[in-house]
Structure formats: structure tokens, C-alpha cells
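In what follows, a single structure is set out as C-alpha cells and then discussed.
Number of protein chains: 2
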Amino acid sequence: MRASDLAYERLRDDILSWRIAPGTPLSEIELAARLGVSRTPLRAALARLALEGLVDTSRGRTGIVPDVSAASVAELFELREALETQAARLAARRRDPAVFESLVADFARASDTLAASGIDAYYEVVARFDRAIDEAVGNPAFRIALDGVRTHLVRARRMAADKPARLLRAADEHRLICEAIRDGDEALASSATAVHLRASLTAILATLDARASQEGIR
Amino acid sequence: MRASDLAYERLRDDILSWRIAPGTPLSEIELAARLGVSRTPLRAALARLALEGLVDTSRGRTGIVPDVSAASVAELFELREALETQAARLAARRRDPAVFESLVADFARASDTLAASGIDAYYEVVARFDRAIDEAVGNPAFRIALDGVRTHLVRARRMAADKPARLLRAADEHRLICEAIRDGDEALASSATAVHLRASLTAILATLDARASQEGIR
DNA sequence: TCGTTCCGTTTTGTATACAAAACGATCCGA
DNA sequence: TCGGATCGTTTTGTATACAAAACGGAACGA
């Protein structure tokens, strides 16, 4: 594996998992030393992250990790709604029914999965759902656009720290989407996706607000 | 200006204007010599272009300019429809009516503009339309996504070499979109955008087909 | 006390040298 | 004649050295 890829993946992982806090200056020299690569491949990694929006180079010379504000999450979801409602519509048009039938069952079992195997097991099912959508849409450019949005979503989700009650509702919403796609009902798939995204956004913003006021009390 | 930015802009311009033909191997050494920079900033430029999809690094080690196929254009328009129909909807919700009233007049005059000042003057109006949409939407993440799609569209459009008859129809379609946005009619703005995109795609694919069969005859 | 300017330090931007890997051509064998 | 392997050449990937620019602090003046 190339050193630049290694640096990219490590940095990306650090940012998405909040190991690097927003606002932290990303010094090339320091990071290169920490990751054990020279500055040249590290610069390439930083450039990739900057183009993905995970590093903000607009302020000053040194890149920093942008913070996750309520406004930025709301903007992200506006873009996400544009992409995912259309993706659901296209998926319903071109899907393999068996794939989504299987996902319907997975989401119906979500309560058990969550209780037995924890939150990561649930997110694994969601990841499978995303991959099924990508495959059904069958459009590389569309997939890349969706991936970009999902990347940023990971950060927002980790911050919001989804509560089990919300996850159970989300599983139900996902099940509805899968049923619509399985049945080839484009309009319903699109609408059900919109419903899910609005509910998710509301939940995340509520968590963010609660956290913000908690920080304020301190 | 940084050498890497210079190399990026020059290369990007060369690719978008078809001065570099699809399939051409992008040798770092040769390009660095031609642009008068060293390989380090040139590599950064190539990396940026690769992430934008203007350079394909998936095949072999040397990057090449991807070609514009009918399939890739159709895929691009699927993504474009997802973004622009939603952008039109959001723009209708938040617009400054005066801005789009002015654009309505511009597109109504398009026939004269085209006859008097040529095709570039018409595309300048379209660029103003795009900027008005961006401003009305007011969502940085959305704007970045739209910019990415528009970049690829430039290549497809240059290849298709729009005919005046099509441009006049396109101006009419744009006028309809602007009227809907001006009036705050979200549903109509979205639908009118979908109509315009489908017509544009059909025109581009027809030109591509004609060119393909012409190449076949040779 | 506040603002401004200058200088030292740090950090980024660029160039070049070297190492590694991949592609292509040629030669050998079946 | 065709397939495959090996070697040479070319190209990329990485490291390091140097130049330039920007930030921060201190000192000076108002």
C-alpha cells in the first residue's frame, strides 16, 4: 500500500471518529512524524481530505478540521435529500426484488439485532442497505456523490450518538423504503426516503441542541 | 499564485476544451516540462483532477482523460436531475424575485443575444442563471455538488456542439424555470427543470449518435 | 494603555535526487 | 508460430533540502 493512502485512511478515520477534534491545526510536520511517512505523501492525503470537505484550508495556511454545527448538518441533509430520494426512485425502477426482500427481513429483525449484537451490528445492516441502493442505481457518478454525503454523515451521527428509541424508528422507516423498492413503487420509495431523512435530521438536531445547552451550562 | 494552482487550472482548461483528447496518457514528467513546474506541484494538480473525475487513474499507473460516452452522459444527467430539480425547488422557496425577474427578461432576449453576440454570450447568461440558483439555495455543500456536475457538463456540451435551434428552445425552457422561481412555485420550478434536463439530454445524445455513426463511416 | 511595526520562528511550497514498481520488448522454448 | 518469462527502460512514489511566506511576539512610539 502506498504511504499516501495509508496516511489518508488513518487521518480520515481519526477525523470521522472525532479522535481529532474540530479546530485542531493539522501541521504537516507533526502528522508526518506521527504517521511515520514523509511530508510528500502526507500532503497528498491532506489534499484529498480537503477536497472531500473533511479538512478546511480556507482559513489561514494550516488546515483545520471543520466543526459540525446545526446549520452545516441541516445543509448536508438538504443535499442528502436531493440525492437519496432520487436514488430510491431509481433503485425501485431497477432493483433485484430478492435483495430488498432480504433487507426487509433484516430491518424487521432490527430490534433483536440491536439487543443481541449492539449498535454496530445495526449500522452494518444500514451499510448493506446503502450498498444495495448503489448496486440497484447502477450509476458510478451517483454513487460517488452519495458516498461524499455519507462520509460527512458519519461525523454528524457520531456526535448525535443515536438513542435506541430513535434507531428502532429508523429501522421501521428503512423497512418501509425497502418494501417500496422491492415492489417497484418509485413514488413511495422516494417519499418514504424523504420521511426518513426528515425524522433523522430532527433527531440529530435535537441531540445537538441538547448538547449545546449542556455545554453552555458548564 | 501557487505553481500547483497554475498547473491545475491549465490542465483543467485543456481537458474541458478538448485540447487534451480522451485516452491521452498524462505523463508527469512531460506535463511538468510543458507547464514549467516541477513534478511535485504537478502531482497535486493531477490528484485534484482525479478526484473531480477529470482524470482516470483506475487503469494502469498513468492517468488518462476519460472519454465521453453516451452512457456516461446519461449517468451524469441522472445525477444532475437529482440535484437541479431539488435546487430549483429550494431556490423558489428562498429567491429574491427581482433577480429572477431580470433573468426572465434575459432569456426572453436570448434570440437577439445569440444573433448579435454569438454563442458565448448566451452561455454567459446561463452562467448567470447558475450563479443565481446557487445564491438563492444558499447551501455551500449543495453548491459544491452542483459545481462538480456542471464541470463534467462542459465537456459533454462542447462535444455535442449545440445547434442554434436547440439553444433557442433551451432559452425558453430556462425562461419557464425562472418564472416559476420568481413566483415561488416550487413544484413548477422543479418540474420545469426536469423537462429542460430531459430535452437537453435528448439533444446531446442525438448529436453523439450522429457523430458516432459519422466516425463509423470514415 | 493601545496600536503598530519589525524581526525571529515556524510552517508551507517547490525542486530535485533516489528507490521501487510497472510496462514493454525481446528472446527462448515448445 | 505462439506463449511465456526475463531484462531493460520508463514512470511513478517517496524522502529530503531549500526557499518563501505567514504567523506570533516583543519592542517602540503615540
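Protein chains in written order, with our numbering: chain Y, 1 to 218; chain S, 1001 to 1218.
Cβ coordinates follow ideal geometry from the N, Cα and C atoms, glycine included.
Here the structure is a predicted model, which means the values were calculated and not measured.
> Just by C-beta distance, which residues in the region 50 to 75 of chain Y are closer than 7 Å to chain S?
Replying inline: Leu51, Glu75
>> So if I threshold CB-CB distances at 8 Å, which residues from the region 1087 to 1110 of chain S count as touching chain Y?
In response: Ala1087, Leu1090
> Taking the Cβ atom as the reference point for each residue, do Y/Arg39 and Y/Glu30 lie within a distance shorter than 8 Å?
Replying inline: no
> Quick one: Cα of S/Ala1108 to Cα of Y/Ala44, how far?
Replying inline: 47 Å
>> Quick check on the DSSP output: the alpha helix (DSSP H) that includes S/Val1154 runs from which residue to which?
In response: 1140 to 1160
>> Counting only C-beta atoms, is S/Arg1166 closer than 8 Å to chain Y at any point?
In response: no
> At a Cβ threshold of 8 Å, is Y/Pro41 touching chain S?
Replying inline: no
> What distance in whole Å lies between the Cβ atoms of S/Ala1136 and S/Arg1095, which are believed to be in contact at a cut-off of 8 Å?
Replying inline: 4 Å
> Three or more C-beta pairs closer than 8 Å, one from the region 1180 to 1197 of chain S and one from the region 1109 to 1128 of chain S: is that the case here?
Replying inline: no
>> As a quick exercise: from Y/Leu54, Y/Phe142, Y/Asp106, pick the residue whose alpha carbon is nearest that of Y/Thr151.
In response: Y/Leu54
> Under a Cβ-count criterion, where at least 16 other Cβ atoms within 10 Å of its own Cβ denotes burial, should S/Asp1067 be classed as buried or exposed?
Replying inline: exposed
> Looking at chain S, which residues of the region 132 to 146 of chain Y have a Cβ within less than 9 Å of any of its Cβ atoms?
Replying inline: Val137, Gly138, Asn139, Pro140, Ala141, Phe142, Ile144, Ala145
>> Which of the three DSSP states is assigned to S/Ile1020 in this structure?
In response: coil
> Any idea what DSSP makes of Y/Pro25, helix, strand or coil?
Replying inline: strand
>> Using beta carbons (cut-off 8 Å, strictly below), is Y/Glu220 in contact with chain S?
In response: With chain Y running from 1 to 218 in the structure shown, residue 220 of chain Y is simply not present.
>> Along the chain, where does the alpha helix (DSSP H) containing Y/Ser117 start, and where does it finish?
In response: 110 to 117
>> For S/Ala1082, would you say it is in contact with chain Y, using Cβ-to-Cβ distances shorter than 8 Å as the test?
In response: yes
> What three-state label does DSSP hand S/Asp1005 in the structure shown?
Replying inline: helix
> Under the rule that 16 or more other beta-carbon atoms within 10 Å means buried, what is Y/Gly23, buried or exposed?
Replying inline: exposed
>> Determine whether the beta carbon atoms of Y/Gly60 and Y/Leu26 lie at a separation below 8 Å.
In response: no
>> Considering only their Cβ atoms, is the gap separating S/Glu1052 from S/Gly1148 smaller than 8 Å?
In response: yes
> In whole angstroms, what separates the C-alpha of Y/Ala98 from that of Y/Ala91?
Replying inline: 13 Å
>> So, at 6 Å on beta carbons, what are the nonlocal neighbours of S/Pro1041 in its own chain, with the 5 sequence-adjacent residues on each side left out?
In response: Ala1003, Ser1004, Ala1007
> Cα separation between Y/Gln86 and Y/Ala170?
Replying inline: 19 Å
> Using the beta-carbon of each residue, which ones in chain Y are nearer than 9 Å to S/Glu1078?
Replying inline: Gln86, Leu90, Val137, Asn139, Ala141, Phe142
> Under a Cβ-count criterion, where at least 16 other Cβ atoms within 10 Å of its own Cβ denotes burial, should Y/Leu168 be classed as buried or exposed?
Replying inline: exposed
> In whole angstroms, what separates the C-alpha of S/Ala1116 from that of Y/Asp172?
Replying inline: 59 Å
>> If I measure Cβ to Cβ from Y/Ser200 and keep anything under 6 Å in the same chain, skipping five residues before and after, which residues do I get?
In response: none
> Which runs of the alpha helix (DSSP H), 4 residues or longer, sit entirely within the region 1039 to 1101 of chain S?
Replying inline: 1039 to 1052, 1070 to 1094
>> For a cutoff of 8 Å on Cβ pairs, would you count S/Ala1047 as touching chain Y?
In response: yes
> In terms of alpha-carbon separation, which member of S/Ala1021, S/Arg1048, S/Leu1011 lies closest to S/Ala1032?
Replying inline: S/Leu1011
>> Please return the same chain residues whose Cβ sits closer than 7 Å to the Cβ of S/Val1195, not counting the five positions on each side in sequence.
In response: Glu1173
> Can you give the Cα-Cα distance for S/Lys1163 and S/Ser1111, rounded to whole angstroms?
Replying inline: 13 Å
> Skipping 5 residues on each side, what residues in its chain have a beta carbon closer than 7 Å to that of Y/Glu9?
Replying inline: none
>> Going by DSSP, what residue range makes up the alpha helix (DSSP H) through Y/Asp172?
In response: 164 to 182
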